[in-house]
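Position in the sequence shown (first residue = 1) + 20 = this note's numbering.
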Amino acid sequence: MDTAPEMGMRSNFFTDQVMNSMTRAMLGRVYTRAADTGETLTTVDRITDGDLASWAHEWEATADRVAAIGDDCARKGHRLSGRNALLRAATYYATCVVVADGCAEPDEVRSRTFAAYRRCWEGYLGLLDNPPVPLEIPYEDTTLPGWFFRAPGGYRPTLVMVNGADGAASYLWPGYGSEASERGYHVVLFDGPGQQRMLFERGIGFRPDFENVLSPVVDATLRLPGVDPRRLALYAVSQGGYWAPRALAFEHRFAAAVIDDGVVDVSEAWHAMLSPELEELLRRGDRAGFDAAVERLPANARRTFAWRAKPYDSGSFFDTFREAACYRITPELAARITTPVLIGDPDDEGYFAGQPQRLYDMIAGEKTLVRFTRAEGAAGHCEPMARALAAQRFFDYLDDRLEVTDQGSGCRRPR
21 MDTAPEMGMR SNFFTDQVMN SMTRAMLGRV YTRAADTGET LTTVDRITDG
71 DLASWAHEWE ATADRVAAIG DDCARKGHRL SGRNALLRAA TYYATCVVVA
121 DGCAEPDEVR SRTFAAYRRC WEGYLGLLDN PPVPLEIPYE DTTLPGWFFR
171 APGGYRPTLV MVNGADGAAS YLWPGYGSEA SERGYHVVLF DGPGQQRMLF
221 ERGIGFRPDF ENVLSPVVDA TLRLPGVDPR RLALYAVSQG GYWAPRALAF
271 EHRFAAAVID DGVVDVSEAW HAMLSPELEE LLRRGDRAGF DAAVERLPAN
321 ARRTFAWRAK PYDSGSFFDT FREAACYRIT PELAARITTP VLIGDPDDEG
371 YFAGQPQRLY DMIAGEKTLV RFTRAEGAAG HCEPMARALA AQRFFDYLDD
421 RLEVTDQGSG CRRPR
């Protein structure tokens with residue numbers, strides 16, 4: 021899926037918009053210590069513009085080097101240095117996983133880099149001063165893998181985090197989950213259907229009725245030690261901006277939610293990729309003609325379709341488009357949302373343009389729309405280069421709603 025130009029031309033690194041957006045996102049992670057500026061820029065300098073295989077090759081080389089540093093530091097007893105390097109390496113491996121379909125042997129690249137990502141991510145977690153507890157959350161006839169980051173002390177507010185379509189946990193925790201932890205929140209991360217381990221290791225794809233995912237997560241969260249059931253918060257990012265409001269229409273145990281960015285119709289991002297000819301084939305219901313036309317697209321476009329279609333597990337490109345149409349927030353669903361919500365709305369929202377405002381307008385209950393602008397350096401899908409500003413706005417909102425002090429204790433404010 022192409023994204024709209026973001027910010028000024030001076031922040032362009034590639035003519036390829038997908039690569040350009042991923043580079044900006046990587047630079048945004050420097051604030052959270054999930055990347056470093058020099059490692060990012062020297063890797064970008066080696067990448068051939070528009071060549072996804074080059075992207076994967078060069079980022080894997082950087083990840084291998086940084087992972088070796090992390091392993092060496094940890095082996096010598098330098099826990100802080102080791103975990104910092106392993107977190108960066110995990111992030112660099114994760115960006116290889118995203119573009120594996122652009123490689124000559126996509127399954128091999130995806131399998132290898134995802135395994136390396138998991139090793140580094142879990143190595144990082146094990147080196148934290150207060151390592152999280154691994155979770156296997158009961159879900160239908162299987163479990164959802166996750167982690168419980170417990171804040172010290174007694175009962176605390178708890179943040180449940182919902183990732184996007186292809187984001188890694190190493191994208192979600194630093195700067196948002198870790199920010200919550202610094203403020204005294206417990207944090208629960210998990211891979212839902214179609215996300216990371218659920219997709220790559222268990223072959224379980226997306227589902228639109230996310231209340232059937234989130235409610236079991238809430239059930240499990242409320243059984244964890246020290247969780248204050250009256251101060252449960254939700255944070256959702258990217259396509260999680262659809263899953264969260266869908267679930268909130270049925271799940272009413274959250275005291276507040278942040279939706280970054282709001283989504284009302286996932287299929288609009290899919291249709292934005294189509295030519296008029298492909299739209300007509302889809303409208304006519306010509307499955308064979310549509311799939312054949314997609315196969316004739318330029319290589320990078322076809323690979324983008326393949327990657328984005330994988331979690332829907334629909335069998336064909338035509339069926340994926342039909343399935344994506346099920347991912348919609350209707351007025352009837354929005355009317356059921358009773359949880360106070362903050363919705364992020366950035367300039368140049370390339371995937372879901374205009375949808376944060378539409379979601380805000382649909383919700384009748386307590387709601388807040390927060391704009392992020394080019395002038396603030398906060399444009400683009402989920403404010404990739406304004407992680408500090410976004411965290412400040414999101415968590416100040418949650419702190420106010422959950423009556424949390426800013427002393428990192430998670431305690432209620434005195435009345």
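By construction, the Cβ of each residue, glycine as well, lies at the ideal position given by its N, Cα and C atoms.
Just so you know, these numbers come straight off a predicted model, no measurement behind them.
Can residue i and residue j be called in contact, C-beta distance under 9 Å?
i	j	result
Ala45	Gly195	no
Ala439	Ala124	Residue 439 is absent from the model: the chain starts at 21 and stops at 435.
Met382	Val283	no
Asp248	Tyr175	yes
Arg273	Leu252	yes
Arg356	Phe230	no
Ala289	Ile279	no
Tyr113	Glu59	no
Tyr255	Val153	no
Ala136	Ala87	yes
Gly173	Val208	no
Thr358	Leu268	yes
Pro228	Ile157	no
Taking the C-alpha atoms as reference points, what is the distance between residue i and residue j?
i	j	result
Asp368	Arg394	8 Å
Phe415	Thr425	11 Å
Tyr332	Arg413	33 Å
Phe168	Trp193	11 Å
Asp65	Pro404	20 Å
Met39	His98	34 Å
Leu418	Ser258	19 Å
Leu147	Ala105	11 Å
Phe220	Gly70	25 Å
Ala384	Ala185	27 Å
Thr35	Ser101	35 Å
Pro318	Tyr51	36 Å
Arg95	Ile89	10 Å
Asp22	Gly370	Its pLDDT being 42, under 50, Asp22 is placed unreliably in this model, and the value from its coordinates should be taken loosely. The alpha-carbon atoms of Asp22 and Gly370 are separated by roughly 7 Å.
Thr178	Leu244	10 Å
His291	Arg53	36 Å
Val129	Gln215	17 Å
Gly143	Asp149	13 Å
Excluding five sequence neighbours on each side, which residues of the same chain lie with their C-beta closer than 6 Å to the C-beta of residue i?
i	result
Leu389	Ile363, Asp365 and Tyr380
Ile224	Pro213 and Met218
Arg435	Any reading at Arg435 is ruled out, since the residue's pLDDT is 43, under 50, leaving its predicted position unreliable.
Trp327	Asp121
Ser334	Thr340 and Glu343
Thr62	none
Pro376	Asp281, Gly282, Ile363 and Asp365
Gly261	Ile279, Asp281, Gly282 and Val283
Phe33	Asn40, Thr43 and Val64
Ala406	Gly397 and Ala398
Arg103	Tyr144 and Leu147
Helix, strand or coil, according to DSSP, for residue i in the structure here?
i	result
Met405	coil
Pro154	strand
Ile363	strand
Arg435	For Arg435, the predicted model reports a pLDDT of 43, less than 50, meaning its position is unreliable and no value from the coordinates is stated.
Gly146	helix
Arg356	coil
Phe392	strand
Ala24	Low local confidence applies: a pLDDT of 44 at Ala24 is under 50, so the model's placement there is unreliable, and no value is given.
Phe169	strand
Val119	coil
Tyr175	coil
Thr43	helix
Thr163	strand
Arg53	coil
Between residue i and the rest of its own chain, which residues show a CB-CB distance below 7 Å, the 5 nearest in sequence each way excluded?
i	result
Arg421	Ala275, Ala276 and Pro360
Asp91	none
Gly246	Arg170, Gly174, Tyr175, Arg176 and His206
Using a Cβ-Cβ cutoff of less than 8 Å, which residues in the same chain neighbour residue i once the five nearest sequence positions on both sides are dropped?
i	result
Thr57	Leu47 and Val50
Legend entry - Secondary structure, beta strand (DSSP E): runs of 3+ residues fully inside the segment 194 to 260: 206 to 210 and 247 to 257
Inset, instruction - For the segment 55 to 112, list the alpha helix (DSSP H) runs that are entirely contained and at least 4 residues long, ordered along the chain. - result: 57 to 66 and 72 to 95
Inset, instruction - Mind listing, in chain order, the continuous alpha helix (DSSP H) runs of no fewer than 4 residues lying wholly within the segment 255 to 341? - result: 260 to 268, 287 to 291, 296 to 304, 307 to 315 and 319 to 329
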